[in-house]
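Undergrad: The structure that follows is given in the form of C-alpha cells.
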Amino acid sequence: MQTIASISSWYANNETLIQEILIYALLAFSIQVALRSGIFSLAGVGFYAIGSYAAGLLVKEQAWPTALAVIAAVLLCALLGWALSVLLVRLRDLYLALATVAFDLMVGVVALNWSSLTGGPLGTVGIPISVTTLTIFITVLGAAAMLALMQRGTIGRTLVAVREDEQLARSLSVNVRRYRELAFVISSMLGALAGAYHALLFTDIQATDAGFELIVLALTMVVIGGFGSWTGALLGAILLTWIPIELTSIGQWWDAVYGAMMIVVATFIPGGLISLVTIAGRASRGRARPSLLRRGSAAAAPPASSSGA
Amino acid sequence: MKDARVAFGGVRALDGVSLTVQDGQLLGLIGPNGSGKSTLLAAISRMIDLSSGTLTMEGRDYTNAPAHLANALGIARTFQTVRLLRTMSVLENVMLGAQAEWVRRGPLATWLWLSRARREEKRARRAAQQALERVGLKDLGRRHPQELPYGPARKVEIARALACEPKLLLLDEPTAGMSQAEREEVGILLSELSKDGLAQVLVEHDLAMIQRVCNRVVALNFGQVIAEGLPAQVAADELVREAYLGHRDAGMEASAPMMEIGRQ
Amino acid sequence: MPGAPAAGEMLQQLINAIVFGSVLTLFALGLSLAWGTLDVLNLAHGAVFIFAGYLTYELTRQGALSFVPALIVSMVGAGAATVALEVLAFRFIRTRFANKRQAELSMLVASIGGAIIIDQVVSNETGATTFGPPSSIFKVREYHLTGSAGITNIQILIVVVAVLAAVGLDQWVRRSRQGRAVRAVAYDPVTSGLLGVNVSFVAISTMFVAGALAGLAGVLLAVNLRAEEVAVGQDYLLTAFAILIVGGVGSVRGAVLAAYLIAIAETAVVAYGPTQWRDGIAFLLILLVLLVRPQGLFAKAQFQRA
Amino acid sequence: MFSSRRLRWPGGALALLVMAVTIAACGSSKPSTTKTTSTVSSTSSSVAASATSSTESAGTIPVTFVGDETGLVAFVGKEVLKGMEVAVKRANASGELHGKKIVLSVMDTASNVSTATVKMSDAVKSNAVAVFGPLLSNEALATAPIAERGKVVDIETEAEVGGLLQIGKYIYRLTPSEFLYYPLTVDHLAKLGVKHVNLVYASDNPTLTEESTKLLPEWTKKLGISIGTSVGIPSTTTEFSSIVTKLETGKPEAIGVNMIGPAIASIASALRTSGYKGTIFCDQSATAGSLKPGGSAANGIIYGVLYSPEMSFPSSKEFTKLYEESFPGEKPQGYDATGYDAMTAFADAIAKSGSDTREGVLKGMQELTVAGSFDGGSGPLKFTGPEHREVSGPGALVEWKEGAEHMLVQGTPGLESQPLKAQ
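Chains as they are written, first to last, in my numbering: chain G, 416 to 724; chain W, 378 to 641; chain F, 3 to 308; chain X, 95 to 517.
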C-alpha cells in the first residue's frame, strides 16, 4: 500500500514531466524507426508540426471529436509521408537527412506565412485540452509494441538487410522500396501522433515549435539512447527530457555539461546508452558475446581480390 | 539469356553474350579481369539493367523485372566479396535466404500477420539450419559473421543462397581466399547440387576447379564469348590462352591473370 | 524620372547580393572542405563562426588589439576550437566505427554537442545579449557609386577576401602536396593511410583550415553587422546546407557558385518579392536540387563520393 | 534466435523500467531544482536569509519565479528577478503583510518550453502560494494552463502574447502592453513633422507583427503620417543591406525598425553608414543594451519604454531609490521595474485580502483589480483587459545616446493610447 501511495504521489508530482517524455518518446520512435531501417530521415519533425496543426485545428475550429481528429491528422501525415518517400526515393544518408531537414523547416516557413489557417506568428492558441496522460501512455505502449514487432522475425531481419546492404536484400527477394516506404510512413505517423498529442495537451502551437532545435533534439535522443531498438529511443527521450531539467540546477554552465555528455556518448558508446543496458544484461546472464563497444574484428574482411567484372 | 549488352558510359561491359543454362548444368565462367564475368552475373540477377537483349527464366521474360523478382523466379546468387550482416548471427543471415518466399508477401504481411509469422519463423529456422548443414557448418549458427574465418564465411554465403531454394544458383568466385581443402569441399558440394538438378553458373579463376566440377565452360573477354564447350576444350582453346596469358595483345595487363593461373 | 532611382536601387541590391554571397562563401568553404574530405558534417561550424566574432569583440573592446591582430588571433582560436572537436571526438569516431553511416551519425551528434558548448561559452561571457566589436577598430566608410548606390570598405574587404580564400582553397586542394593528401583522404582513407599519407595530420590540418575560414567569416561579419548574437551562427549553418547541396559536396567551385546564387535569390526576394518567405528559399532549393540533381548543380562527377 | 530474442527485449524493457523508476526517485527526492535567490546578489542576503531559515514556517509566504535564469533571455530573467527581490525587500519591511515575510524561490526554465512546463508543474505542486510566469511568449502559453488547472495565481511578466489571459482567471499580466506606450513614439514623430515612414519588422514575432501591421498603421494614419514600405522579414535574417536599401527608397523622414536582438543595431548602423539622416525609431526591445554594439550609429534612436529612471512619479522614484540601494552602482532598467511591479502587486493583494493561501491570493488580486489601479515602479498602473487582469501604464519615450537611454517624454497616466488591440 505504501508503495502504491508513493508511486501515485510521485506520479502526481511529475505528471507534466511524464507527459513531455511520452510525447518525445513518440517523436523519438519516429526518428528511430527510420534510422533503424537505414533511412536517415528527420521528416518526423515536419510531420510533428503538420500533425499538431491538423489535430489542433480540427478540434478547435471544427469541433471534431478528439479521437477522430487525431486519426485524421495521422492519416494525413501517412499520406504525405508516403508522397515524400516517393519523391525522395533516390536519396540516401546525409543527403536524405538534409532533404528532410529542409522539408521540416519548409513546413515551419509555410506555417508562419499561412496565417489564415495557422494564425501565422500568433500561433494557434486556446485548443481545448482533450487528451489524458493515460491515452498517450497507451499510445506509446501500442507504438512500442508495433516497433518491437518490427524489430523481430522476418521483417526485423529484412529491415536490417535493407539498412546494411540494399543490393544483397534485393538478391533475397526484398522489395527494398516497399520496405523503405513502410518505414517512412510509420515514421511520419509517429511524428504526427507526437505533434497531435502535444497540441491537444499543451493547448498551443507556434510555427517555430518544430524548428531546427526540435530536429536536433529528436536526433540526439535517438543517437544518445541508441537507434538499434525502440528501447534506445525511449531511453533517449527519458534522459534528454529529464537531464536538462535537472542540469539547470547547476547554474549557467549546465548547457556546456550537456554538450560534453553528448560528445562523450556519441564518441565512445556507438550503440547508444541502451547498449550499456544490453551489455549489462548479457553479462549478468553470463553469456559472453562480442562487446558492442569493441571494434568489429576484421576476420571476415574480404582479401584484396582484384578480379573485375 | 540472349544477345545481352551492357554498356557503362562508352565501355561495353557485355557485348552480345548469349548463354543458356540447363537444369543440373554447372556452367563455368572464365575470363581475365574485366572480361565481364561479374557483370554477366549482375545482369542475370537483375542487379544491373541490360541496354539491349533479353533475359528468360523457364520461358518467362524477366528482362525488365525489378531485381527482387529475379530471386522470386528462382535465381539466387553469392557475391564476389563476403556480404554477411554483422549485426546478426550466422543462422539469422542464412534465414534471410530461407525467408525469401515469405518476404515477397510484402512488408505489411511480414509485420502484422502474426499467426503466419510464427509458423514461418519456425520453418525458416529449420530451412536455414538445413542449408548450414548442407555446406558443412552445422554448429556455427549462433556465431557472428565477424567471428568466422574467411572460408566458413564464404560457405555461409552459399548456404544463404541455397536457403532460397533456387533453380539457378550464381556463384561469384565462391572459393577465392579459401584453403585447398576448403576448395575441394566446395567443389564436391557444387557437384552434388548439380546432380540434384540445380542449374549453376560458377565464376572462378581456379581453372583446375573448373575442370573438375563443371560440365560446360564459357570463356569471356572484352564482354564477348570467345570460347564455349567442355572444360577441356575451352582450356585448350587458343583464344582463351591468349586472353589469359596476353601474349599478342599489348592492351592487356597480363600480370594479374598470370597470378591467377599460377594458383593452379 | 522614376527610372533612375530604380536602376540605382537595382545596382545597390546587386552589390548587396555580391557581398552577402561572399560572406556565405567564406562560411560554406570550411563546411564544404570538412564534409568533402573527411565526411564530417560539422554542425559546430556556425558556433565556431560566432565564437570568432566573440573573440574579436573580447580582444578589441578594451582596446587591447587592433583589427588585424584580433582577426588573426580569432581565426586561430576558431581553428583551434574545430581542431579540438576533431581531436576529442571525430578522430575516435573515424577509427573506431566500422560502419560509415553510424560514424556519420555520431559525428553529427558530437558536433552538436560541440556547438552547444561553444554557444554556452559565448552566451555566458556576453550575458546572452547582443555583442559586437567597437566601431573604432575598423572605420567603416561608404564609397558612392553612380546614383544612390554605394559600397563600404568592409564590404569590399569581404568580397576580396572571399574571392582570395576561394581561389586559394581551390588551388590548395588541387595543386599542393598537402592538397593532394586531402584529396587522397577524400577518396579512400584506408588506402591513403597505406600509401603513407598521415591521415591524422591531414584531418587535423583540414579541420584547422575549415575552422579558421569560419573564423575569418565570423570576424568580417561581426565588423560588418556591428551587432550579433549566438543564434546568428545557426542561421548561417542552415543556409550553408543549401550551399553544399546546390554546389555539390566537396566542390569548392560549386560551393562558391551556389553561395552567390543563393545570395542573389534571397536578395531578390527581399528586394522585389514576398520578404517573409525569404527563409524558405534555401530550404526549397535544397529540396529541388536533391530531387532533380542530387549530385549538385555544379559538382563534377569526380568529386562525388556516393 | 526467436526464443533468445523473446527473452531479450522484455529484459531490456525491465532494465529501462528500473532505470526510469530510479531516475524518478532521484527526481522526487531532490527538491534541489528549486533554489533560493541567494546566489543572485550579495545585497539580497536579507531575502535569502529568511529563505534558508525555514521553508514552511508560519511566518513565510512562499512564492516561486518560474523564469529564465539561463538560456535565451537570461539577461531579461536576471533583471526581472532583481526587481522582484527589491519588491520583496520593500514588502517585507513595510509590515503590510500582517507580520509575514515573502520568500522568493526560483525555478530556471532555461528558456526551454519543455523545461518550463515541468518546472511550472513542480511549482504548482509545491507550497508556493503564487507563481510568477516565464518570460518568453511560448513558455508562458505552455505554462499558464498548468497554473490555471492547479488553481494558483500566475503573474506573468514580459510575455506579451494574445490569448494568454484567455487561459483563465488565475492568469494575470502585470507588464503593460507595449501597444499602450508605443503611441508616444508616433506622437513624437508627428511633432518632428514626419510625414512618411518606412518600416521593417520581424515577421515571425507575434507582438512585433501585430504592432507593425495593425496598430502602427492606425496610429500613424490618425496623425497624418503615411507608411510607405513595410517589410516583414524573419528574425533569423542575418543580411540587412538589401533591407536597408529597400528602407531608404522614397527617402522617408523616419524609419521604424521593429526587430529584436542585434538586428536593430545592425540595421541602424547600416542606415547611418549609407548616409541616412532621418529619425530611426524602434520597439522597446531595444532596451537593455542591444543598441550598445551600434556605437555612435545608434545615437538618436527613439523608442517607448515602460519605465525610465528619470520618471517623476512618486512610486517610480521610490523604486529607483530602492533599487540603487540594493544594487549600488547599477541603474534600474525596464525589466527590473517589471519584476518589481509584479511582486508589488502580489504583496498589495495579500495586504488587501489578509490571507496568504492560494485562494487568498486570488481574492486579493481580484480586490486589487476592482480597486482599479496601483502604484508600481513604472508609475501608476491601471487594471484593464479581460476581468481587469492586465495593466496599462503611462510609459515614457526615450532616446538612445552614447550608450544610455534619456527620457524625452513621460507618458500621462490615464491618457495612455486606447488599447487598439483587437480582443
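The beta-carbon is built from N, C-alpha and C at its ideal position, and this holds for glycine as well. From a predicted model like this one, the values you see are computed outputs, not experimental measurements.
1. At least one CB of chain G closer than 7 Å to the CB of MET378 (chain W): is that the case?
2. Using a Cβ cut-off of 7 Å, pull out every chain X residue sitting near PHE133 (chain F), in sequence order please.
3. What does ALA204 (chain X) touch in chain G if you count any residue whose Cβ is under 8 Å from its own?
4. Against chain W, does VAL631 (chain G) count as a neighbour if the rule is that its beta carbon must be under 7 Å from one of theirs?
5. Straight-line CA distance for PRO296 (chain F) to ILE247 (chain F)?
6. Could you give the first and the last residue of the continuous alpha helix (DSSP H) run that contains VAL181 (chain X)?
7. Leaving aside the five residues before and after GLY165 (chain X) along the sequence, list all residues of the same chain whose C-beta is less than 6 Å from its C-beta, in chain order.
8. For the segment 452 to 485 of chain W, which segments carrying the alpha helix (DSSP H) assignment without a break, of at least 4 residues, lie completely within its bounds, in sequence order?
9. What does THR478 (chain X) pair with, by DSSP beta-bridge criteria?
10. Out of G:PRO659, G:VAL525, G:ARG592 and G:VAL631, point me to the one whose CA is closest to LEU513 (chain G)'s CA.
11. ILE454 (chain G) touches chain F at which residues, Cβ-Cβ below 7 Å?
12. Could you work out which residues of chain G lie near GLU1 (chain F), taking near to mean beta carbons separated by less than 7 Å?
13. If you reduce the DSSP assignment to three classes, tell me which class ASN18 (chain F) lands in.
14. Identify, in the order they occur along the chain, each residue of the same chain with its Cβ nearer than 7 Å to the Cβ of PRO346 (chain X), setting aside the five sequence neighbours on each side.
15. Which residue comes first and which comes last in the beta strand (DSSP E) that contains VAL595 (chain W)?
16. Would you report the Cα separation of VAL291 (chain F) and THR548 (chain G), rounded to the nearest angstrom?
17. Exposed or buried, what is ARG495 (chain W) when buried is set at 16 or more other beta-carbons lying within 10 Å of its beta-carbon?
18. Am I right that PRO446 (chain X) and LEU462 (chain X) are in contact with their C-beta atoms under 8 Å? What's the rounded C-beta distance?
19. Return the residue from the list W:ALA536, W:SER429, W:SER422 and W:VAL602 that minimises the CA-CA distance to LEU566 (chain W).
20. Can you grab the Cα-Cα spacing for the pair THR618 (chain G) / TYR463 (chain G), in whole Å?
21. Spatial neighbours of SER644 (chain G) within its chain, please: CB distance less than 7 Å, with the 5 preceding and 5 following residues excluded, ordered by chain position.
22. Which residue's Cα is closest to the Cα of THR339 (chain X): X:VAL325, X:TYR275 and X:GLY244?
23. With 7 Å set as the bound, which would you pick, yes or no: does the beta-carbon of ASP580 (chain G) sit closer than that to a beta-carbon of chain W?
24. Just to confirm the assignment, what range does the alpha helix (DSSP H) spanning LEU566 (chain W) have?
25. Is the separation between the beta-carbon of GLY535 (chain G) and that of LEU527 (chain G) shorter than 7 Å?
26. Rounded to whole angstroms, how far is the Cβ of THR269 (chain X) from the Cβ of LEU456 (chain X), which I believe are closer than 8 Å?
27. Locate the beta strand (DSSP E) running through CYS492 (chain G), then write down its first and last residues.
28. Beta-carbon of THR343 (chain X) versus every beta-carbon of chain G: anything under 7 Å?
29. Just the Cα atoms here: how many angstroms apart are LEU491 (chain G) and LEU483 (chain G)?
30. Please list, in chain order, the chain G residues whose beta carbon lies closer than 7 Å to that of ILE114 (chain F).
31. What does VAL638 (chain G) reach in chain F if we use C-beta pairs closer than 8 Å?
32. Is SER712 (chain G) helix, strand or coil when you go by DSSP?
33. Answer with buried or exposed for SER424 (chain G), where buried requires no fewer than 16 other C-beta atoms within 10 angstroms of its C-beta.
34. Do we get a CB-CB distance below 7 Å when we pair GLY568 (chain G) with the residues of chain W?
35. Is any beta-carbon of chain X found at less than 7 Å from that of GLN15 (chain F)?
36. To the nearest angstrom, how far is the alpha carbon of ARG280 (chain F) from that of LEU365 (chain X)?
TA: For this structure:
1. Along the second sequence, read from residue 1 onward, the residue named residue 378 (chain W) stands at position 1. Low local confidence applies: a pLDDT of 48 at MET378 (chain W) is under 50, so the model's placement there is unreliable, with the coordinate-based value given in what follows. No, no contact with chain G.
2. As a working mapping, residue 133 (chain F) is identified with position 131 in the third sequence. By Cβ distance, chain X contributes PRO387.
3. Stepping through the fourth sequence from its first residue, residue 204 (chain X) is reached at position 110. Correct list: PRO659, THR663, TRP669 and ASP670.
4. As a position in the first sequence, residue 631 (chain G) is number 216, starting the count at 1. Not closer than 7 Å to any Cβ of chain W, the Cβ of VAL631 (chain G) fails to qualify, so no.
5. For the purposes of this step, residue 296 (chain F) is taken as the residue at position 294 of the third sequence. For the purposes of this step, residue 247 (chain F) is taken as the residue at position 245 of the third sequence. Cα to Cα, PRO296 (chain F) sits roughly 8 Å from ILE247 (chain F).
6. Residue numbering aside, residue 181 (chain X) sits at position 87 when the fourth sequence is read from its first letter. Reading off the sequence shown, one finds Ala at residue 181 (chain X), where the question assumed Val. Per DSSP, ALA181 (chain X) belongs to the alpha helix (DSSP H) from 168 to 188.
7. Your numbering for residue 165 (chain X) matches position 71 in the fourth sequence. Correct list, in chain order: ALA204 and SER205.
8. 467 to 475 and 477 to 480
9. Along the fourth sequence, one-based indexing puts residue 478 (chain X) at 384. X:GLU484.
10. Taking the first sequence and counting its residues from 1, the one referred to as residue 513 (chain G) is at position 98. Cα-wise, what sits closest to LEU513 (chain G) is G:VAL631.
11. Locating residue 454 (chain G) in the first sequence gives position 39, counting from the first residue. For a Cβ distance threshold of 7 Å, nothing in chain F lies close to ILE454 (chain G): the least Cβ distance comes to about 11 Å.
12. This structure cannot settle anything about residue 1 (chain F), because the visible part of chain F is limited to 3 through 308.
13. Taking the first residue of the third sequence as 1, we reach residue 18 (chain F) at position 16. DSSP places ASN18 (chain F) in helix when its eight states are reduced to three.
14. Here the question's residue 346 (chain X) lines up with position 252 in the fourth sequence. So the list reads HIS290, VAL291, ASN292, GLY322 and GLY372, once near-sequence residues are dropped.
15. Within the second sequence, numbered from 1, the residue matching residue 595 (chain W) stands at position 218. Per DSSP, VAL595 (chain W) belongs to the beta strand (DSSP E) from 593 to 598.
16. Position 289 of the third sequence, counted from the first residue, corresponds to residue 291 (chain F). Position 133 of the first sequence, counted from the first residue, corresponds to residue 548 (chain G). Distance between VAL291 (chain F) and THR548 (chain G), taken at the CA atoms: about 42 Å.
17. Stepping through the second sequence from its first residue, residue 495 (chain W) is reached at position 118. Looking at its Cβ environment, which holds fewer than 16 other Cβ atoms inside 10 Å, ARG495 (chain W) is exposed.
18. Taking the fourth sequence and counting its residues from 1, the one referred to as residue 446 (chain X) is at position 352. Taking the fourth sequence and counting its residues from 1, the one referred to as residue 462 (chain X) is at position 368. In the sequence on display, residue 446 (chain X) carries Lys and not Pro. Sure, about 6 Å apart at Cβ, within 8 Å.
19. Working through the second sequence from its first residue, we reach residue 566 (chain W) at position 189. The residue among W:ALA536, W:SER429, W:SER422 and W:VAL602 with its C-alpha nearest the C-alpha of LEU566 (chain W) is W:ALA536.
20. As a working mapping, residue 618 (chain G) is identified with position 203 in the first sequence. As a working mapping, residue 463 (chain G) is identified with position 48 in the first sequence. Straight-line Cα distance between these residues: approximately 15 Å.
21. Translated into positions along the first sequence, residue 644 (chain G) becomes position 229. Correct list, in chain order: GLN566 and ILE689.
22. Along the fourth sequence, one-based indexing puts residue 339 (chain X) at 245. Per the Cα distances, X:VAL325.
23. Start at 1 with the first residue of the first sequence, and residue 580 (chain G) comes out as number 165. At least one chain W Cβ lies under 7 Å of ASP580 (chain G).
24. Position 189 of the second sequence holds residue 566 (chain W). LEU566 (chain W) -> alpha helix (DSSP H) spans 557 to 572.
25. Residue numbering aside, residue 535 (chain G) sits at position 120 when the first sequence is read from its first letter. Residue numbering aside, residue 527 (chain G) sits at position 112 when the first sequence is read from its first letter. Yes; because the gap between Cβ atoms is below 7 Å, this pair is in contact.
26. In the fourth sequence, the residue the question calls residue 269 (chain X) occupies position 175. In the fourth sequence, the residue the question calls residue 456 (chain X) occupies position 362. Not quite, the Cβ-Cβ distance comes to about 20 Å (not below 8 Å), so this is no contact.
27. Locating residue 492 (chain G) in the first sequence gives position 77, where the first residue counts as 1. No beta strand (DSSP E) contains CYS492 (chain G), which is instead part of the alpha helix (DSSP H) from 481 to 502.
28. Position 249 of the fourth sequence, counting from 1, holds the residue named residue 343 (chain X). Closer than 7 Å: no.
29. The residue labelled residue 491 (chain G) in the question sits at position 76 within the first sequence. The residue labelled residue 483 (chain G) in the question sits at position 68 within the first sequence. Rounded to the nearest angstrom, the two C-alpha atoms are 12 Å apart.
30. Locating residue 114 (chain F) in the third sequence gives position 112, where the first residue counts as 1. By Cβ distance, chain G contributes VAL631, THR635 and MET677.
31. Taking the first residue of the first sequence as 1, we reach residue 638 (chain G) at position 223. Under the 8 Å cutoff, chain F gives LEU107, SER108, LEU110 and VAL111.
32. By one-based count along the first sequence, residue 712 (chain G) stands at place 297. Note on SER712 (chain G): pLDDT 35, under 50, position unreliable in the model; the coordinate value appears next. Residue state, collapsed to three classes: coil.
33. Position 9 of the first sequence, counted from the first residue, corresponds to residue 424 (chain G). Result: exposed.
34. Residue 568 (chain G) sits at position 153 when you count from the first residue of the first sequence. Chain W, which has a Cβ nearer than 7 Å to the Cβ of GLY568 (chain G), makes this yes.
35. Counted from its first residue, the third sequence places residue 15 (chain F) at position 13. Closer than 7 Å to some Cβ of chain X, the Cβ of GLN15 (chain F) qualifies, so yes.
36. Working through the third sequence from its first residue, we reach residue 280 (chain F) at position 278. Working through the fourth sequence from its first residue, we reach residue 365 (chain X) at position 271. Their backbone Cα atoms lie some 21 Å apart in a straight line.
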